[in-house]
Structures are given as C-alpha cells and as structure tokens.
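A short worksheet on the structure shown next.
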Amino acid sequence: MDVVIAPDEQIGEIVADDIAALIAARPDAVLGLATGSSPLRIYDAVAERVARKQLSLARARGFMLDEYVGLPPGHPCRYSTVIDEDFVSRVDFAPGAVRGPDGDAADLTAACTDYEESIGEAGGVDLQILGIGTDGHIAFNEPGSSLASRTRVKTLTAQTRADNARFFGGDIDAVPRHCVTQGLGTIMDARRIVLVATGDAKAEAIAHLVEGPVSARWPATVLQHHRRVTVLVDDAAASRLELADYYRHAHAHRHLVS
Ligand code: F6R
Numbered sequence: 007m008d009v010v011i012a013p014d015e016q017i018g019e020i021v022a023d024d025i026a027a028l029i030a031a032r033p034d035a036v037l038g039l040a041t042g043s044s045p046l047r048i049y050d051a052v053a054e055r056v057a058r059k060q061l062s063l064a065r066a067r068g069f070m071l072d073e074y075v076g077l078p079p080g081h082p083c084r085y086s087t088v089i090d091e092d093f094v095s096r097v098d099f100a101p102g103a104v105r106g107p108d109g110d111a112a113d114l115t116a117a118c119t120d121y122e123e124s125i126g127e128a129g130g131v132d133l134q135i136l137g138i139g140t141d142g143h144i145a146f147n148e149p150g151s152s153l154a155s156r157t158r159v160k161t162l163t164a165q166t167r168a169d170n171a172r173f174f175g176g177d178i179d180a181v182p183r184h185c186v187t188q189g190l191g192t193i194m195d196a197r198r199i200v201l202v203a204t205g206d207a208k209a210e211a212i213a214h215l216v217e218g219p220v221s222a223r224w225p226a227t228v229l230q231h232h233r234r235v236t237v238l239v240d241d242a243a244a245s246r247l248e249l250a251d252y253y254r255h256a257h258a259h260r261h262l263v264s
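Below you can see the structure in the form of structure tokens.
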C-alpha cells in the first residue's frame, strides 16, 4: 500500500496524472467511479484536461460503485444523476459508456447479478477511485460486510445516513435505508485502486485502513490485501497515522523503477 500525504489542492491533479497515463496506454480503459465529495477534486482536474483537449475519455468506460434503493431515474440524489452532473456530462465519454447498478429495479437480486456480469464483460476495472466513509465503508460496504462480498443490497448505518443527509437538504429521513453496492470482493478485483480522503472526520477510518488489523469491523481494511493500492490523504485525514513521518519520507525518497 502506498500512502501519499499531500495538500488537498494537489490530490486531484495527482490522480488525474494517473488517469491520463492509463488512458495514454489504454484508451479504452475501464474506470471505477465513486460518488460523493471526495472524488470531486479528481473529476474537476480530469474535466479541465478534457476541456483543454489534453485528455479524451471517448473510448473509456466507467462503472459506478453503488446506488440508493428506491430513487427513480432522474431523482436529484440518485447516484446516476449525481455522477452525470459531477463528471460524465463534463467530459467526453461516449453515450452509455458509464453504468451504475439499478437501485430501482423490480428484481434487485437480478440487477446485482447483471451488474457483476457487465463489469466482467467489460474486462474488469483498470483503475478504481474510492472514497471512504467515517465508519470505514468503501462503496456502501458497511461494517460487518463480508470481505469476499459481491454486488448486493445492503442496509446503510445510521452514521452513513447522517453523513449523507447533507445531500438530501439535511433531512436524514429522506436518505434511503438501503443501497445496492459493489461488494468488497468486486472492488478487490480492480487492477489498481486509488482511495482519496480529506479532513479530520476521516482520520479514524484512515488509521484503521492503513495501520489497523484487517477486519469486517472496518471494511476498508480489506485493501491491505490488494497489491496495487494508493491511499491519498491530506494532513488532517493523516493525523492519526502512527507512521505518518515514515510515509512522507518514503514518498519523498520513493524508488522509481525504470
Ligand atoms: C460513494 C461511495 C462512498 C463514499 C463515502 C465517502 O459512491 O462509494 O463509499 O465514497 O461515503 O463519501 P464522501 O466522499 O462524500 O465523504
């Protein structure tokens, strides 16, 4: 696991560099897209490069991590609407190139199976962007999630619903109780993973993710078993890391393989 502690202003550009390098090597790469506040700095940086014609996602594809259950297409808080506004409509993906799980399907189990199959048919995710919940979730894999789980329906914790009430006008009762989410096993299949976290509220979850024991209690800890993970955090999110000085040192003196 690479831990990179960087100023918030640099985080978007660092990940945009990674995405640009991937697309240069493989124009039809598959990106894994998180929703929420954390990836916005990445989407802004990528959108700027696309606007300046330095980067094109015209042949790339994207898969979202998760979706609320019961929000119809077009609902302003439905994640497919949010990712469209935050990212897809600002870049040059081909129509239909970005898919998400259908949280409004009549048969949610079938929709989950269908989603897993569509990721497989696309050849799997090359670069997965992740945020992390204050309770340690990635995607919506809440504490207690099986470390081998696949896409399925989950019940959100009270903490996640409270954290996300800001997207629902502050009304926690408007936040759905259920979601459809890629499983931890699904996420672990991505060839590369970049997790972004900023601010004090994420410090405890980041400390568990990087330095805690692997446990379903803090689901993000499963990433310790992935071979290519970068955790990108600002000083505040890194503030509870015991080995923060070492991570800074290791990054400043990283060995660049030729
Ligand atoms: C969203 C997702 C979640 C968020 C997490 C952090 O698709 O998968 O795991 O990444 O809840 O959300 P923010 O970034 O809004 O703090």
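Per the working numbering, the sequence shown starts with residue 7, numbered consecutively.
Virtual Cβ for every residue (Gly too), placed ideally from N, Cα, C.
Sorted by chain position, which residues of the same chain lie with C-beta nearer than 8 Å to residue i's C-beta, five sequence neighbours on each side aside?
i: THR227; result: GLY142, HIS214, LEU215, GLY218, PRO219, VAL220 and SER221
i: ALA243; result: ALA203, THR204, GLY205, ASP206, LYS208, ALA209 and ILE212
i: PHE174; result: CYS83, ALA180 and VAL181
i: GLY130; result: VAL36, ASP195, ALA196 and ARG197
Would residue i and residue j be called neighbours here (beta carbons separated by less than 8 Å)?
i: GLY139; j: ASP169; result: yes
i: ASP241; j: ILE17; result: no
i: ARG167; j: VAL186; result: no
i: LEU201; j: ASP132; result: no
i: ILE25; j: VAL56; result: no
i: GLY38; j: GLN134; result: yes
i: PRO107; j: GLU73; result: yes
i: THR204; j: ASP8; result: no
i: PRO225; j: ILE144; result: yes
i: ARG183; j: THR161; result: yes
i: LEU71; j: GLY109; result: no
i: LEU238; j: VAL21; result: yes
i: THR192; j: ARG156; result: yes
So, for residue i: in the same chain, excluding its five sequence neighbours on each side, which residues have a beta-carbon less than 6 Å away from its beta-carbon?
i: THR3; result: Because the chain in this structure spans residues 7 to 264, residue 3 falls outside the shown range and cannot be described.
i: HIS257; result: VAL10
Counting only the same chain and skipping the five closest in sequence on each side, list residues whose C-beta sits under 7 Å from that of residue i.
i: GLY80; result: THR87
Please report the residue range of the beta strand (DSSP E) in which residue i lies.
i: ASP23; result: No beta strand (DSSP E) holds ASP23; the alpha helix (DSSP H) holding it covers 14–31.
i: ASP132; result: Run containing ASP132: none; DSSP gives neither H nor E here.
i: ARG158; result: 158–161
i: VAL237; result: 235–239
i: HIS214; result: Looking at the DSSP string, HIS214 is not in any beta strand (DSSP E); the run it does join, the alpha helix (DSSP H), is 209–217.
i: LEU37; result: 36–39
Can you give the Cα-Cα distance for residue i and residue j, rounded to whole angstroms?
i: HIS259; j: ASP23; result: 19 Å
i: ARG65; j: ARG47; result: 22 Å
i: ARG96; j: TYR49; result: 9 Å
i: PHE146; j: ASP98; result: 28 Å
i: ALA116; j: ARG234; result: 31 Å
i: THR119; j: ARG158; result: 8 Å
i: ARG32; j: ALA154; result: 29 Å
i: ASP251; j: SER152; result: 33 Å
i: GLY150; j: ARG198; result: 24 Å
i: VAL104; j: GLU15; result: 27 Å
i: LEU229; j: MET194; result: 7 Å
i: GLN60; j: GLU54; result: 9 Å
i: VAL75; j: HIS255; result: 44 Å
i: ALA128; j: ALA111; result: 22 Å
Terminal residues of the continuous alpha helix (DSSP H) containing residue i?
i: CYS118; result: 114–127
i: GLU73; result: No alpha helix (DSSP H) holds GLU73; the beta strand (DSSP E) holding it covers 72–74.
i: GLY191; result: 190–194
Just mark residue i as buried or exposed, buried being the case when its beta carbon has 16 or more other beta carbons within 10 Å.
i: LEU249; result: exposed
i: TYR253; result: buried
i: PRO13; result: exposed
i: GLY176; result: exposed
i: THR178; result: The identity of residue 178 in the sequence shown is Ile, whereas the question assumes Thr. ILE178 comes out exposed.
i: GLY189; result: buried
i: PRO101; result: exposed
i: ASP113; result: exposed
i: ALA196; result: buried
i: ALA35; result: buried
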